[in-house]
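Working notes for the structure below.
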Amino acid sequence: VKLTGDGGGKVPTLARTLHGRNRVARTLINGIRQATTRLPGMSLRPVAVNGGPGALILDPQQRLLGVFALDIADGQITSISSIVNPDKLTHLGPVADVRSLLRSAR
Amino acid sequence: MTDRQRLLDELRPGAFAIAYRMLGSVSEAEDVVQEALLRVHQALDAGEQIASPRAFVATVATRLAINELRSARARRERYVGEWLPEPIITDGRDDPARHAETADSLSVAMLVLLESLSPEQRAVLLLHDVFDYGYPEITTIIGKSEDNVANSPPVPDGTSNSAGPASTRRASGATNWHDGSSRPPRRAISLVSRRCLLTT
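Protein chains in written order, with the numbering used here: chain G, 1294 to 1399; chain C, 544 to 743.
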């Protein structure tokens, strides 16, 4: 399994793709823990993304922080994509301003 | 609603299905769709007889997307961090994927893999494997000789996935293969699609 984040240089995410289930699981858990601490009140809403399972990451005002997409083959997750580049989310609805949210959370 | 408007509305989802898979970007795909539909509109205004509006719009959308991809390429080379496609939500009522030939071809893994192909290779692979066009039609659509088209999709080398799209992206046209030869194996296409489904 691999974990990839796309922040477009605008939002903090993984610098490069991680491989291996242990490393991916650890990073995912830490990442979500960190994100929920720094951005309290964020939530996940399950939706189908690009034909597969996924989720919208929403701030308390239901503005979009990012999208998770899973790729599945032979019953196993082969990749987890975290798309948090705000430019790639605008077509889905109101997008949260992550930078200012992080600043005000500090 | 006029007949013209109804026709354009019917053509839109098919055009988007091609353009989005070509570009991995909703905004760029929508621009291509707009332009393609405008060309249909103009052709009809000019009194042209369009035998198959669907084929016409597929052709225009594919060509526009190839051009767009050429200029997008330079931007994506400079992209900060990993590149992923703009996601689309596929369980809504206005789901563009409902008109999709297969859901697999929409997956993030597939779109990332497609980024490693040249624009022409990408068009051939999509039109053949996803949209079921025959090589003679594809030849007409992308304007290449049939032999080139049939041989177009490359076999990504074993390292292409881990190395990421930017480093494996081919700069030039369809005859530039990983082993330097101008003739990739004929089973390249199915190999590529199988990889999309099973690996990454």
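Glycine residues also receive a C-beta, built at the ideal position from the N, C-alpha and C atoms.
Test item: CB-CB of residue i and residue j under 7 angstroms
i: residue 1344 (chain G); j: residue 650 (chain C); result: yes
i: residue 1294 (chain G); j: residue 1309 (chain G); result: no
i: residue 571 (chain C); j: residue 611 (chain C); result: yes
i: residue 1304 (chain G); j: residue 1388 (chain G); result: no
i: residue 684 (chain C); j: residue 602 (chain C); result: yes
i: residue 1334 (chain G); j: residue 1353 (chain G); result: yes
i: residue 575 (chain C); j: residue 607 (chain C); result: yes
i: residue 604 (chain C); j: residue 560 (chain C); result: no
i: residue 1348 (chain G); j: residue 1337 (chain G); result: yes
i: residue 1394 (chain G); j: residue 1307 (chain G); result: no
i: residue 1397 (chain G); j: residue 1297 (chain G); result: no
i: residue 1299 (chain G); j: residue 629 (chain C); result: no
i: residue 681 (chain C); j: residue 670 (chain C); result: yes
i: residue 1464 (chain G); j: residue 1385 (chain G); result: Here chain G covers residues 1294 to 1399 and nothing more, so residue 1464 (chain G) does not appear.
i: residue 666 (chain C); j: residue 609 (chain C); result: yes
i: residue 1380 (chain G); j: residue 1301 (chain G); result: yes
i: residue 587 (chain C); j: residue 551 (chain C); result: no
i: residue 627 (chain C); j: residue 1322 (chain G); result: no
Below-7 angstroms beta-carbon distance, residue i vs any chain G residue
i: residue 560 (chain C); result: no
i: residue 662 (chain C); result: no
i: residue 649 (chain C); result: yes
i: residue 569 (chain C); result: yes
i: residue 557 (chain C); result: no
i: residue 703 (chain C); result: In this prediction, residue 703 (chain C) scores a pLDDT of 41, lower than 50, which makes its location untrustworthy; the coordinate-derived value is nonetheless stated afterwards. No, its Cβ sits nowhere closer than 7 angstroms to a Cβ of chain G.
Contacts that residue i makes with chain C (C-beta to C-beta distance below 7 angstroms)
i: residue 1299 (chain G); result: 624, 625, 626, 627
i: residue 1302 (chain G); result: 623, 624
Residue-chain proximity (residue i, chain C), Cβ-Cβ < 7 angstroms
i: residue 1311 (chain G); result: no
i: residue 1294 (chain G); result: no
i: residue 1350 (chain G); result: no
i: residue 1359 (chain G); result: no
i: residue 1345 (chain G); result: yes
i: residue 1376 (chain G); result: yes
i: residue 1320 (chain G); result: no
Neighbour list for residue i in chain G, Cβ cutoff strictly below 7 angstroms
i: residue 744 (chain C); result: Outside the shown range of chain C, which is 544 to 743, sits residue 744 (chain C), and nothing can be said about it.
Minimum C-alpha distance to residue i - residue among the options
i: residue 1368 (chain G); options: G:1374, G:1378, G:1346; result: G:1346
i: residue 615 (chain C); options: C:589, C:567, C:590; result: C:567
i: residue 1364 (chain G); options: C:674, C:561, C:654; result: C:654
i: residue 662 (chain C); options: C:551, C:594, C:565; result: C:565
i: residue 1311 (chain G); options: G:1331, G:1332, G:1377, G:1372; result: G:1372
i: residue 1366 (chain G); options: C:652, C:622, C:665; result: C:652
i: residue 1340 (chain G); options: C:596, C:631, C:552, C:594; result: C:631
i: residue 595 (chain C); options: C:660, C:553, C:657; result: C:553
i: residue 648 (chain C); options: C:627, C:672, C:660, C:664; result: C:672
Neighbour list for residue i in chain C, Cβ cutoff strictly below 9 angstroms
i: residue 1340 (chain G); result: 632, 633, 634, 635
i: residue 1308 (chain G); result: 624, 625
i: residue 1385 (chain G); result: 569, 629, 630, 631, 632
Exercise. Any chance you could list the alpha helix (DSSP H) runs of at least 4 consecutive residues sitting entirely within the region 1313 to 1337 of chain G, in chain order?
Key: 1314 to 1331
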